[in-house]
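The structure appears right after this line, and notes come after that.
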Amino acid sequence: MSYQVLARKWRPRTFHELVGQAHVQRALVNALDQGRLHHAYLFTGTRGVGKTTLARILAKCLNCTANGRGDEGVTSVPCGECDSCRAIDEGRFVDLIEVDAASRTKVEDTRELLDNVQYAPTQGRYKVYLIDEVHMLSTSSFNALLKTLEEPPPHVKFLLATTDPHKLPPTVLSRCLQFTLKHMPPERVVEHLQHVLTAEGVAFEDSALWLLGKAAEGSMRDAMSLTDQAIAFGQGEVRHGDVAAMLGTLDHRHVLALVEALAEVDVARLLSEVAQLAEQGPDFAAVLDDITAILHRLAVAQMVPDAVDNSHGDRETVLALASRFTAEDVQLYYQIGIQGRGDMVHAPDLRSALEMTLLRMLAFRPQGVPKPPQTPLPLTPQPQEVSPQQAPAESAASAPAPTEAPPPSSEPPNQSEPPPWGDEVSTPPEPLLPEPAPEAASETVPESQVEPPTASEREAPPEPPPIVSSAPPEPAKPSQQGDSGRLNHDKWLAMFDSLGLGGLTRNLAANCQCESDDGKTLVLRLAPSQAAMQAEIHQTRIAKALSAQGIERQVAFHVEALDTSEETPQQREERQAQERHAHAIDTLSRDPHIQKLQQAFGAKLIESSIKPAHLSR
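Residue numbers for the sequence shown, in UniProt numbering: 1 to 617.
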């Protein structure tokens with residue numbers, strides 16, 4: 001007996017064997033069981049999703065003679081053993097007329113087909129016309145078909161199938177019940193291939209099936225054909241290496257290795273992975289496309305972990321990688337990736353373009369919270385902007401200056417000469433610098449006093465020293481308040497707004513509850529739905545915000561279900577917003593002017609448009 005390909009051998013013969021089209025199966029089964037049959041059905045969808053198969057199953061249900069119910073004999077579960085079922089499966093049923101519209105587009109072919117519609121079926125209960133690729137018919141053919149399609153004889157059923165329903169005239173669409181078959185996801189394809197290969201006794205690797213499921217692009221027939229080819233290529237087995245070589249695709253594990261190198265900020269490993277890829281001669285543009293696709297999945301994993309697809313069988317790996325990136329890094333890397341993809345046409349070679357894009361991602365990677373500017377003002381003299389390590393050398397070098405300074409200061413015509421820059425700028429700009437540290441203040445004041453000892457005492461008012469000396473006590477006030485006790489959830493709620501957190505860090509902290517505080521580590525309880533968003537950078541930012549309030553703590557997240565009796569900062573903010581909104585609605589409802597408008601003109605108060613003034617802060 002000749003070999004039968006898997007696509008034909010495993011073609012579904014009943015509705016219950018159909019894969020991935022539950023919505024169509026349910027509608028047709030209910031219609032058959034209740035006897036509510038339409039005279040024309042239109043099945044649309046991409047290639048290989050089961051349009052023709054579904055039409056043949058429906059033809060068997062209409063003409064099965066063994067499992068009929070009542071006088072009609074129509075059933076949703078054809079037996080597959082009667083003469084009608086076997087004839088339809090073997091393609092020799094007289095009353096199932098299959099027409100390839102792509103080869104019979106002329107109006108004469110359509111008229112010849114419709115000449116036999118009036119005659120009763122020869123062998124079955126219904127005469128079924130299956131017109132495949134019906135969108136290929138000409139306009140004249142559609143016009144000739146309209147009247148018969150609208151009011152066919154009772155013994156005639158039309159089953160139309162097409163991959164492009166947009167080319168069908170609206171007059172045809174309005175006369176049919178349309179069913180759109182879904183695209184096959186890789187998960188469903190892999191699941192079906194596992195069932196088929198297990199029944200066939202063929203050894204396989206799951207990773208190889210994921211490659212086939214991805215290459216099928218939603219078509220189950222393509223997946224079965226590729227599986228046949230993979231079995232022949234692998235000498236009776238389906239292995240990952242053989243399938244990758246057969247398809248000519250890049251091993252997905254290499255792309256994941258590049259993303260892991262980005263997560264570790266390891267430039268040496270990044271270039272090493274690219275060098276290993278170059279030995280295989282891949283399409284570097286496709287490699288960059290795969291990297292940006294993974295970055296997109298990482299962003300989805302950080303926001304909605306349950307929405308991550310398993311198109312490569314690597315869902316758990318993607319979720320683990322998502323926790324090693326911050327949201328800012330993922331968004332920046334993705335933007336650089338798609339811009340680098342467009343710049344590849346201008347690069348000298350694709351490998352260097354890929355390397356430069358990856359290096360650009362790390363070069364522009366955010367370095368945590370930006371520090372306040374430490375650069376001095378433009379008029380600040382050079383001795384003030386040296387580092388503390390160079391201060392002794394500078395003071396030693398400037399030691400002769402005080403010895404030469406007394407002669408000019410002793411002469412009376414001192415106003416003719418412009419005063420040195422140290423007399424004018426050394427003291428006034430210091431209060432303008434952003435929060436000078438105590439050590440820096442103690443170093444700059446002696447230098448300014450050493451350079452002009454006599455002029456500063458005679459002319460400059462004694463105001464700068466109190467300003468400099470008053471800087472250190474300011475951070476000491478919150479430290480005394482923060483060390484007075486350990487944090488509990490009430491204190492966490494009270495001080496949350498004063499922390500000054502922003503972006504994704506604030507969103508994460510706003511969904512936390514204060515679980516415990518031992519004086520060294522603050523443990524924040526995080527809901528499992530937000531677990532993928534946690535990262536070390538957020539812990540560091542929260543710890544810095546607490547330190548600015550004088551509370552020196554390390555921050556740790558504990559993923560656990562939240563206590564329903566306590567509010568998170570986000571829940572408190574939502575509750576307060578609702579209370580303000582309700583108060584605003586009540587205030588406007590009691591306003592006499594609005595009440596007059598309602599009584600005189602029947603005006604209505606649109607509550608959704610009311611925004612309290614307190615909500616804008």
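Every residue gets a Cβ at the ideal spot worked out from N, C-alpha and C, and that includes glycine.
A distance below 6 Å between beta-carbons, with the five flanking residues on each side excluded, links A216 to the following residues of its chain, in chain order: V189, D222, A223.
The beta carbons of G48 and M220 sit closer together than 9 Å. Of all alpha-carbon atoms in D100, K60, K106, the one lying nearest the alpha-carbon of D89 is that of K60.
A distance of 9 Å or more separates the beta carbons of P569 and A613.
Just so you know, the alpha carbons of D251 and V304 end up roughly 27 Å apart.
The shortest CA-to-CA distance from V259 to any of Y126, G519, L6, L319 is the one to L319. The Cβ atoms of L62 and K147 lie no closer than 9 Å to each other. Nearest neighbour of E355 by Cα position, chosen from L270, Q4, A322, S323, turns out to be L270. DSSP places L168 in the coil class of the three-state scheme, outside both helix and strand. Around the Cβ of R553, a 10 Å sphere holds 16 or more other Cβ atoms; the residue is buried.
Counting only runs of 4+ residues, the alpha helix (DSSP H) found wholly inside the stretch 116 to 161 occupies 139 to 150, in chain order. Taken through DSSP and simplified to helix, strand or coil, V555 comes out as strand. When DSSP reads this structure, E237 sits in a beta bridge with A203.
The beta carbon of P12 sits closer than 6 Å to those of L18, T53, all from its chain and outside the five residues before and after it, given in chain order. For K520, same chain residues with a beta-carbon under 8 Å away, outside a window of 5 residues either side, are R553, Q554 in chain order.
Counting along the chain, the unbroken beta strand (DSSP E) around S516 starts and ends at 512 to 517.
Under the three-state reduction of DSSP output, T326 falls in the coil class, being neither helix nor strand. By the neighbour-count criterion, in which a residue is buried when 16 or more other Cβ atoms sit within 10 angstroms of its Cβ, V274 is buried. According to DSSP, residue pairing for F496 in a beta bridge does not occur. Rounded to whole angstroms, the gap between the alpha carbons of S225 and S174 is 36 Å. Judged by pairs of C-beta atoms under 8 Å, the stretch 511 to 519 touches the stretch 556 to 575, as three or more such pairs exist. In this structure, DSSP gives D242 a helical state, which the three-state scheme calls helix. Contact annotation: the stretch 199 to 215 touches the stretch 235 to 245, with at least three C-beta pairs closer than 8 Å.
K51 is classed as buried because its beta carbon has at least 16 other beta carbons within 10 Å across all chains shown. Beta-carbon to beta-carbon, V107 and S140 are separated by about 4 Å, close enough to satisfy the 8 Å threshold. Taking a contact as a CB-CB distance under 8 Å, the pair L145 and Y41 does not count as one, their CB atoms being some 15 Å apart. By the CB criterion at 9 Å, T110 and E133 fall outside the cutoff. Boundaries of the alpha helix (DSSP H) harbouring T52: 51 to 63, taken from the DSSP string. In the three-state reduction of the DSSP assignment, V19 falls in the coil class.
Taking a contact as a CB-CB distance under 8 Å, the pair I294 and V267 does not count as one, their CB atoms being some 19 Å apart.
Around the C-beta of S272, fewer than 16 other C-beta atoms lie within 10 Å, and the residue is accordingly described as exposed.
DSSP places E355 inside the alpha helix (DSSP H), whose first and last residues are 350 to 363.
Less than 9 Å divides the Cβ of L522 from the Cβ of A556.
Counting along the chain, no alpha helix (DSSP H) covers V5, and no H or E run does either. Closest in alpha carbon position to Q25, among A55, R525, A199, is A55. Per DSSP, R11 has no beta-bridge partner at all.
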